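These notes concern the structure reproduced below.
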Amino acid sequence: MAAYDIVIRNGKVADGTGKTLFAADVAVKGDRIASIDSPGTLRGDNEIDAKGKVVAPGFIDVHTHDDTALIDNPTMAMKASQGVTTVVCGNCGVSAAPYLRPDVGHWMSLIIKKKENLSKDFAEFAGKVEAAKPAINGAFLIGHGTLRINMMGDDLNREATQAEIARMRGLLDQSLEQGAIGMSSGLFYAVSSAASTAEVAEVAQPLGKWGGVYTAHMRDEGDHILKAMEETFEIGRRAHAEVIVSHHKCSGRSNFGRMAETLPKFTEAMKKQQIAFDVYPYIAGSTILRTDMLERADKVLITWSDKMPGMSGRDLADIAKDMGVSMKEAGERIQPAGAIYFMMDEKDVQAAMSHPGAMIGSDGIPFDAHPHPRLWGTFPRVLGHYSRDLKLFPLEDAVRRMTSYSAQRFHLTGRGQIERGYYADICVFDPATVIDTATFEKPTTPAAGIDTVLCNGAIAWRDGKPGGGRAGRALNRRQMQDEAKA
Ligand SMILES: [Zn+2]
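Per our numbering, residue 159 is the first one in the sequence shown, and the count goes up by one each step.
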């Protein structure tokens, strides 16, 4: 009998730390990386030939809304096909737990399609994820917007009272105790925009006690972005929490080029407190359709419309022409809806991605009828388009920004590196051919060049289709902290 379950032979290892590629065999036993040794020296029951390929840690998608996609679509093809082995869920202030109301409601329905997937406490939700046996891991943030809805009902256009803040804080504390990894806020959105800086900082207090992170879809990503950054950093300081700014962008033509202001501000602030940010590799963003956002976008595509499903995938300008009305009026007529906004400068996107504080997150929205292509394309696009073709950064650094750096920032112990004893989350890809194929016209096609993806030692993706491995877990912050100490 061979010593190992799986040996990935003859590949070049990008170990996730940024270290130069080196030739090695990588052996897996159970759910761990058991050995890394000279090419041709290791034997396994299952040997995967990686000649000409790169063996990297599985990618960590730090910005997702996949909370319940892990339950509804447990093969997680849209992520496993990119080499992703862990998704950080619950971003932008919306999470599937803890949720106390009987109805799903509009805000929650943006990312959650089935009522039975919502849970009143985090432990129950984590149990549902594990019961679904997803192919990849999930780690979970608690949404401040979700906490608000729990405690304030529909009366959201005001700051929370001290009593409401105390109850939200209690729910966050309980969730963190049960294993959630932090809290997210989305002050940009109507459910939370009336919240003051003090409200968020007060609710976030348990983060300091438990070592949870604070992620922020900031109040403003356009004209007032610098002020919004200050607010975000202040909340982190007041809660004694590490800060991660979500999907950093300078939105709208009048703000093109302003990474020249925001990035130095990050650099300065990073000297004083722990701050990082995530970026997706596209000049278009996607969220709900808001007619007040139309003028800052060069082009708007519809991702879904409950009232008029046929509008999905269409340009709002064409819809307006057909209706014989303004874009704003057309937008109102198809509400509620989602949209893609072309509103960023390519040079800004590249500058953000290359900054020392940047890691990669897709911000893909899993249930959209015609999603932004980032849902299926983010990680191969960084590797193929930005690293290989544009030479924005070396392959080793691209991998680092998707693996070890992300694991460090979110405290995902034992993941994000090809290292003996680490979990066997591995992506084997062809550096010559890896590329996203999902486009704004055809957004749900699997990337090219992703060969084999292992999660906890099981094959999650292989030869262009799900590999049958369903070994993903709901990562538990307390368990990871214990492992970090051991
Ligand atoms: Zn967001």
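Note that CB positions come from ideal geometry on N, CA and C, so glycine has one too. All of these numbers come straight from a predicted model, not from anything done at the bench.
Helix, strand or coil for residue i? Go by DSSP, reduced to three states.
i, result
"residue 408", "coil"
"residue 308", "helix"
"residue 341", "strand"
"residue 162", "strand"
"residue 463", "strand"
"residue 392", "helix"
"residue 577", "coil"
"residue 235", "helix"
"residue 328", "helix"
"residue 632", "strand"
"residue 229", "helix"
"residue 477", "helix"
"residue 611", "strand"
"residue 440", "coil"
"residue 365", "helix"
"residue 205", "strand"
"residue 638", "helix"
"residue 294", "coil"
"residue 525", "coil"
"residue 486", "helix"
"residue 215", "strand"
"residue 492", "coil"
"residue 563", "helix"
"residue 168", "strand"
Whose CA, out of the options, lies closest to the CA of residue i?
i, options, result
"residue 505", "398, 413 and 434", "413"
"residue 612", "243, 224 and 171", "243"
"residue 296", "308, 229 and 306", "229"
"residue 507", "420, 530 and 317", "420"
"residue 212", "628, 605 and 588", "588"
"residue 602", "181, 190, 236 and 206", "236"
"residue 335", "643, 636 and 641", "636"
"residue 522", "567, 579, 598 and 573", "598"
"residue 339", "510, 540, 299 and 545", "299"
"residue 438", "517, 498, 168 and 615", "517"
"residue 584", "573, 276 and 353", "573"
"residue 448", "382, 384 and 491", "491"
"residue 641", "330, 586 and 571", "571"
"residue 281", "254, 267, 272 and 271", "254"
"residue 272", "226, 232 and 252", "226"
Can the beta-carbon of residue i be found less than 8 Å from the beta-carbon of residue j?
i, j, result
"residue 241", "residue 217", "yes"
"residue 361", "residue 399", "no"
"residue 444", "residue 425", "no"
"residue 197", "residue 630", "no"
"residue 528", "residue 471", "yes"
"residue 289", "residue 557", "no"
"residue 487", "residue 178", "no"
"residue 545", "residue 219", "no"
"residue 357", "residue 383", "no"
"residue 397", "residue 366", "yes"
If we cut at 8 Å on Cβ distances, does residue i have a partner in chain D?
i, result
"residue 336", "Included in the structure is just one protein chain, with no chain D present."
Can you give the Cα-Cα distance for residue i and residue j, rounded to whole angstroms?
i, j, result
"residue 202", "residue 264", "51 Å"
"residue 537", "residue 343", "24 Å"
"residue 175", "residue 208", "20 Å"
"residue 428", "residue 395", "12 Å"
"residue 405", "residue 221", "8 Å"
"residue 681", "residue 311", "Absent from the structure is residue 681, since the part of the chain shown begins at 159 and ends at 644."
"residue 577", "residue 453", "49 Å"
"residue 184", "residue 246", "26 Å"
"residue 532", "residue 320", "40 Å"
"residue 415", "residue 378", "16 Å"
"residue 451", "residue 191", "47 Å"
"residue 618", "residue 643", "29 Å"
"residue 498", "residue 380", "16 Å"
"residue 167", "residue 580", "18 Å"
"residue 277", "residue 261", "12 Å"
"residue 465", "residue 474", "15 Å"
"residue 457", "residue 205", "48 Å"
Write down the C-beta distance between residue i and residue j rounded to the nearest angstrom, noting that I regard them as a contact closer than 8 Å.
i, j, result
"residue 234", "residue 307", "Not confirmed; about 27 Å, so no contact."
"residue 435", "residue 515", "6 Å"
"residue 542", "residue 607", "7 Å"
"residue 575", "residue 215", "5 Å"
"residue 369", "residue 569", "7 Å"
"residue 181", "residue 194", "Not really, about 11 Å apart at Cβ, beyond 8 Å."
"residue 535", "residue 590", "Not confirmed; about 18 Å, so no contact."
"residue 632", "residue 284", "4 Å"
"residue 634", "residue 582", "Wrong, their Cβ atoms sit about 19 Å apart, outside the cutoff."
So is the beta-carbon of residue i under 7 Å away from any non-hydrogen atom of ligand 3?
i, result
"residue 404", "Ligand 3 is absent from the structure shown, which contains only ligand 1."
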